[in-house]
Amino acid sequence: MLTKRIIPCLDIKENRVVKGIRFVGLKDAGDPVEVAKIYDQQQADELVFLDITASFENRRILIDLVEEIAKNIFMPFTVGGGIRDLNDIRDLLNAGADKVSINTIAVKCPDLISDAAQKFGSQCIVVAIDAKRRYPVSPLASYPVKEVTNNKQINNRQTGKQANRQTGEWQVYINGGRTATELDALEWVKKAAELGAGEILLTSMDYDGTKDGYDLALTRAVVERVNIPVIASGGAGKLEHFYDVFTKAGAHACLAASIFHYQEYSVRQVKEYLKEKGVCVRL
0 MLTKRIIPCL
10 DIKENRVVKG
20 IRFVGLKDAG
30 DPVEVAKIYD
40 QQQADELVFL
50 DITASFENRR
60 ILIDLVEEIA
70 KNIFMPFTVG
80 GGIRDLNDIR
90 DLLNAGADKV
100 SINTIAVKCP
110 DLISDAAQKF
120 GSQCIVVAID
130 AKRRYPVSPL
140 ASYPVKEVTN
150 NKQINNRQTG
160 KQANRQTGEW
170 QVYINGGRTA
180 TELDALEWVK
190 KAAELGAGEI
200 LLTSMDYDGT
210 KDGYDLALTR
220 AVVERVNIPV
230 IASGGAGKLE
240 HFYDVFTKAG
250 AHACLAASIF
260 HYQEYSVRQV
270 KEYLKEKGVC
280 VRL
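Mapping of the sequence shown onto numbering that gives the first Met the number 0: position 65 corresponds to residue 64, and the numbering continues sequentially without gaps.
Okay, structure coming up:
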């Protein structure tokens, strides 16, 4: 049985860790180096660093900060934000990153995925996908949906808030969630995998920061379409949410921020809970 991974995420803006809800309302969550050290001490499986305004501001990633964090941690380190070409990827790997995460540039220049995979190896190329429902469900409307139950999708009809938890069509956003594209998330994930991505970092913009749980339907739909690991992101608020996305949606790893940054749970607590529930984790 493959070990499931728990991955804290550092969203970086102006050299500080920040966190918001659905990509807005960002609040300060600490010094990146000090926060990274805490997660290293808690034996997180990996750490993700995302410079969330680099692409939108058309600037290079904060490479000095990447170097400083890399010096202070002893776990796999994924870095993304503002990557434009192979030289940027090389610079980040030389700065101490084990993997790079590409989102905006991957959409604009898909060939970079295959070029990077050939040059540096698929194992260190992560394609990040920020996905949002294309057609929000009206709180008052009845809407045909599919829900994930016991690892199977079944047809159902829901209304209101429950309907918002169901599958539908998702579109891809870039520039830190600021710019909508016409890409269908499920088609894009298939193409990214075919081009050589070694892993998918999937963030539900609808659930991000809400603490309502991961988007099980979106995650399951993506997992079913690719043969590479999928990291679920967006919505972790309770221990049960990790268990659900692993067992009901088939995620290979879980990324979380708020519940770790604000010390609601430690990485260790999450892993101990999962182990008790029969999920294979590294302790």
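In this text, a Cβ means the ideal position worked out from N, Cα and C, and glycines have one as well. Since the model is a prediction, treat every value here as computed from it, not as a measurement.
Secondary structure of V225 (DSSP, three-state): coil.
For D63 and L9, the gap between their C-alpha atoms comes out near 15 Å.
The DSSP-derived three-state label of C253 is strand.
Counting along the chain, P109 sits inside no beta strand (DSSP E), nor does DSSP assign it H or E at all. In this structure, the CA atom of C253 is about 17 Å from the CA atom of A35. Under the Cβ criterion (8 Å, minimum of three pairs), the segment 75 to 82 does not count as touching the segment 204 to 214. Cβ-Cβ distances below 6 Å link R59 to G81 in the same chain, with the five nearest sequence neighbours on each side left out; the list follows chain order. By the beta-carbon neighbour count (other beta carbons within 10 angstroms, threshold 16), N174 is buried.
Of the residues A248, I37, L91, the one whose Cα lies closest to the Cα of P7 is I37.
Residue pairing by DSSP places E198 opposite V125 in a beta bridge. Pairwise C-beta distances place the segment 257 to 273 out of contact with the segment 212 to 230, as fewer than three of them are shorter than 8 Å. Unbroken alpha helix (DSSP H) stretches of 4 residues or longer found wholly inside the segment 70 to 107: 85 to 93, 103 to 107, given in chain order. Linking A96 to P75 through their CA atoms gives a straight-line distance of about 8 Å. If you ignore the 5 residues before and after Q41, its C-beta comes within less than 7 Å of the C-beta of S265, V266, R267, all in its own chain and listed in chain order.
Of the candidates K274, V222, Q170, the residue whose Cα lies closest to the Cα of A192 is V222. Around the Cβ of C279, a 10 Å sphere holds fewer than 16 other Cβ atoms; the residue is exposed. For D39, the enclosing alpha helix (DSSP H) covers residues 31 to 40. Pairing V171 with C123, the inter-Cα distance amounts to about 22 Å. Comparing alpha-carbon positions, the option among A130, V188, A216, E275 lying closest to G176 turns out to be A130. T178 is bridged by DSSP to I173.
With contacts defined as CB atoms closer than 8 Å, I101 and L91 fail to qualify as a contacting pair.
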